[in-house]
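Residue 4 is where the sequence shown starts when you use my numbering, and the numbers rise one by one after that. One structure below.
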Amino acid sequence: MNIIDTHCHLDVADFELDRNDVLEHCRALGITKIIVPAIESATWSGLLTLCDEEKGLYPALGLHPVFINQHHDDDIQKLEHLLETVTPIAIGEIGLDFYLKELDQQQQLKLFEAQLNIAKAHNLPVILHVRKAHDQVLQLLKKIKVKGGFCHAFNGSLQQAQQYIALGFKLGFGGTLTYKNSTKIHRLAKELPLESIVLETDAPDMVVESHRGERNSPEYILESLSALATLRNEEVDVIAAQTTKNANDVMNFSAYE
Ligand SMILES: [Zn+2]
């Protein structure tokens with residue numbers, strides 16, 4: 004098996020004590036590649052070092068919308084400067100979170116637009132975090148034509164999914180596939196073309212059903228894979244091969260090998 008975790012925060016402190024064991028176990032399970040999206044500028048260098056040292060880890064660089072109050076005025080400049088010498092796999096995670104009412108929407112829009120422009124200038128795909136803001140994000144993506152990417156933890160409508168697909172995006176699904184009550188996610192995962200789906204864990208968050216209350220781990224991506232296979236009434240191998248191909252179609256992993 005050859006599986007890609009398209010979204011995993013392996014650089015955070017939750018993995019401090021056993022990161023090597025987790026990675027070793029992932030490799031044994033056939034999880035060959037893990038994309039590690041950034042959250043804030045303070046952690047960029049640690050994230051880059053980790054991805055440099057460990058085979059199969061690919062960094063994305065960006066400013067996460069949920070942490071809008073932690074970002075600094077010169078972070079965009081810092082990102083542009085860093086990109087003069089470093090080529091990440093993508094710009095991420097970036098986007099809009101209009102679900103959390105306490106986060107300033109205008110500030111988020113400004114930061115997101117700036118990062119889309121950076122992605123476009125560097126011809127890089129993007130990794131999107133979007134909650135209650137798909138129409139706003141789609142509108143911006145139509146204006147600023149980036150090289151596609153992933154819409155992580157997708158929870159929009161089928162119509163919105165189709166618009167992302169038309170713009171070169173794949174939709175990310177993870178632990179929620181394993182939840183009995185996630186009827187909307189199940190429907191999306193069943194009805195979307197398999198060519199548009201990628202797997203992710205979002206570890207340490209969004210843990211699978213069987214590990215509820217615990218730290219999520221990229222190792223558990225196999226449970227989401229098997230849940231997706233069951234939902235679509237397909238062989239696990241078929242789903243694994245296609246979702247891996249989908250991730251490869253958007254991300255230029257070979258540039259790092
Ligand atoms: Zn994330």
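C-beta: ideal position from N, C-alpha, C; glycine also.
Residue i (DSSP reduced to helix, strand or coil)
i	result
Phe18	helix
Cys54	helix
Cys29	helix
Ile242	helix
Arg134	strand
Phe70	helix
Ile42	coil
Asp24	helix
Leu85	helix
Gly65	coil
Glu96	strand
Any non-hydrogen atom of ligand 1 within 7 Å of residue i CB
i	result
Asp205	yes
Pro91	no
His125	no
Pro128	no
Pro196	no
Glu116	no
His214	no
His74	no
Glu43	no
Pro221	no
Residue from the options whose Cα sits closest to the Cα of residue i
i	options	result
Ala206	Asn5, Met4, His10, Ile6	His10
Asp21	Ala244, Lys183, Ser257, Arg218	Arg218
Cys29	Ile6, Ala243, Ala169, Leu191	Ile6
Leu231	Ile121, Leu180, Asn249	Leu180
Arg215	Asp24, Ile71, Thr52, Lys183	Lys183
Asn120	Leu141, Lys135, Lys146	Lys146
Ile37	Val133, Lys104, Leu50	Leu50
Glu116	Leu141, Ile42, Tyr102	Leu141
His67	Val129, Ala124, Glu87, His125	Val129
His125	Tyr259, Leu106, Leu32, Thr90	Thr90
Asp240	Leu234, Ser229, Ala250, Asn249	Ser229
Leu85	Leu144, Leu202, Leu64	Leu64
Ser213	Gln165, Ser227, Asp77	Ser227
Expected contact under 8 Å - CB spacing of residue i and residue j to nearest Å
i	j	result
Met254	Ile97	Not really, about 15 Å apart at Cβ, beyond 8 Å.
Thr246	Pro221	Not a contact, Cβ separation roughly 14 Å.
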